[in-house]
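Following: one structure in structure tokens, then a few remarks.
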Amino acid sequence: MSPCVDYAPDLHPLPGGGFRRVFKPFTGRYLMKSNGKPLLDEMEACKVGSQILEGFLELADLNLWHNDFSVNNFVVDQELNVTIIDLGDVKFGLKEADFINNRRAYLLFQEHLMSPELARALSVQGWFKMYPDDKHDMRQVIIWKFGVILFGILHGYWPWDGQREGQDNLLDFGSSESQIPRVMERRARIMNDPLLLNEGLSQDCKDVLRAMLARNPEDRPSLRRLANCYPWFFQWTYNYQ
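Numbering-wise, the sequence shown is residues 14 to 254 according to our numbering.
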């Protein structure tokens, strides 16, 4: 049997006046609460992550990659069924070279998705430069983004940011200059410090997160390797049958 959850009300409170929500699914950002604690348990998060992986694999079979994946670009219903949305920035490629880009896009509201390679590029070219030069394989970047979001769902806060009760999880960075010191400290940790994981997670889960959030982009597994070599994915099917 599938779990039944509702979104984090502190991030999206219901209007008053007897309003009833008609559109039940909510975007992935509402799986993050402001108290720094996860909304889902590990197997519930596994169900969400496994469906995202399945969706990415289906796109990859068509030689397509979602180049704008974020917490706003997938929706989850109360039974934790996932739909990937917003395919306006999908990359099609037949050759390896088709997925190599020479520049990156940096967006303030996606600071939580910061990677070590982008942090290094920005440290040289300008801390908040919108389009820094950075030759990269976009597929490795997507694996990183997926890993960050999965970490956030499992922990209730973003990697290298620590548990920050009552704070905004960096989802709205850019609205206040007071957040800049916190952002710069986190970037330094992303580039230099080991990844800290919740000790209560299973070893299979920890293996997935460490692989996806490998500091060297070339060490990150492909989608197919995630599906075939990391048994954590799809374990939820044995728990909710």
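For every residue, glycine included, the Cβ atom is placed at its ideal position computed from N, Cα and C.
All values derive from a computational prediction rather than experimental measurement.
Asked, Found
"Residue 200 in three-state terms, based on DSSP", "helix"
"Rounded separation between residue 160 and residue 109 - CA only", "22 Å"
"Cβ distance (whole Å) where residue 93 is taken to contact residue 57 below 8 Å", "6 Å"
"Presumed contact (8 Å Cβ cut-off) between residue 124 and residue 196, rounded CB distance", "6 Å"
"Sequence-distant residues of its chain with Cβ nearer than 8 Å to residue 112 (five each side left out)", "78, 104, 106, 150, 151 and 152"
"Cβ-based neighbour list, residue 247, same chain, cut-off 6 Å, excluding 5 preceding and 5 following", "63"
"Residue 232 versus residue 224: straight-line alpha-carbon distance, rounded", "7 Å"
"Separation of residue 90 from residue 39, as counted between CA atoms", "6 Å"
"Three-state class that DSSP yields for residue 195 in the structure shown", "helix"
"Length of the line joining the Cα atoms of residue 55 and residue 173", "19 Å"
"Of the residues 50, 42, 43 and 41, the one placed nearest residue 170, counting alpha carbons only", "50"
"Separation of residue 142 from residue 218, as counted between CA atoms", "34 Å"
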